[in-house]
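Q: The numbering of the sequence shown is the working numbering, which starts it at 605 and goes up by one.
Glycine included, every Cβ here is placed at the ideal spot set by N, Cα and C.
Only a predicted model underlies this, so the values are computations on that prediction, with no experimental measurement involved.
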Amino acid sequence: MKDPNRYPPGWDLERVRRIIQHYESQSDEEAIAEDEAAFEDPTKTAMDIPIELVPTVRSLLADLPD
605 MKDPNRYPPG WDLERVRRII QHYESQSDEE AIAEDEAAFE DPTKTAMDIP IELVPTVRSL
665 LADLPD
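#1: Is it the case that the Cβ atoms of F643 and A637 are separated by a distance below 8 Å?
#2: State the Cα-Cα distance for the pair E656 and D639, rounded to the nearest angstrom.
#3: Output needed for D607: all residues of its chain with C-beta closer than 6 Å, excluding positions within five of it in sequence on either side, in chain order.
#4: Is DSSP giving R622 helix, strand or coil here?
#5: Please report the distance separating the alpha-carbon of L668 from that of V620.
Dropping the structure here:
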C-alpha cells in the first residue's frame with residue numbers, strides 16, 4: 605500500500621518513524637533537558653507572534669541571507 609502522507613523535501617516515512625521512536629523512547633528528564641537546551645542558545649530567541657502575523661514573519665525570515 606502506498607503511503608498516503610506528503611512529506612517536505614528530504615523527509616519520508618522512515619525518517620518520521622525514526623523521529624517518533626526517538627521521542628517515544630525519551631525519559632521525562634531527557635525530554636525536559638532537550639526542551640531547556642533549545643532556549644540556551646544566545647544567538648536565538650523565542651517570541652509569541654499573533655497567528656495572523658505568522659505568514660508575514662515567515663516571509664521576512666525567508667528573505668534573510670543564510
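A: In brief:
#1: Reading the sequence shown from its first residue, position 39 is the one you call residue 643. Reading the sequence shown from its first residue, position 33 is the one you call residue 637. The answer is no: Cβ separation not under 8 Å.
#2: What you label residue 656 is simply residue 52 of the sequence shown in a count that begins at 1. What you label residue 639 is simply residue 35 of the sequence shown in a count that begins at 1. Going by the C-alpha atoms only, they are around 26 Å apart.
#3: Here residue 607 corresponds to residue number 3 of the sequence shown, with the count starting at 1. If we look at D607 and ignore the five residues flanking it on each side, its Cβ neighbours are L617.
#4: In the sequence shown, counting from the first residue as 1, residue 622 sits at position 18. In this structure, R622 counts as helix in the three-state DSSP scheme.
#5: Looking up residue 668 in the sequence shown gives position 64. Looking up residue 620 in the sequence shown gives position 16. Whole-angstrom Cα-Cα distance: 28 Å.
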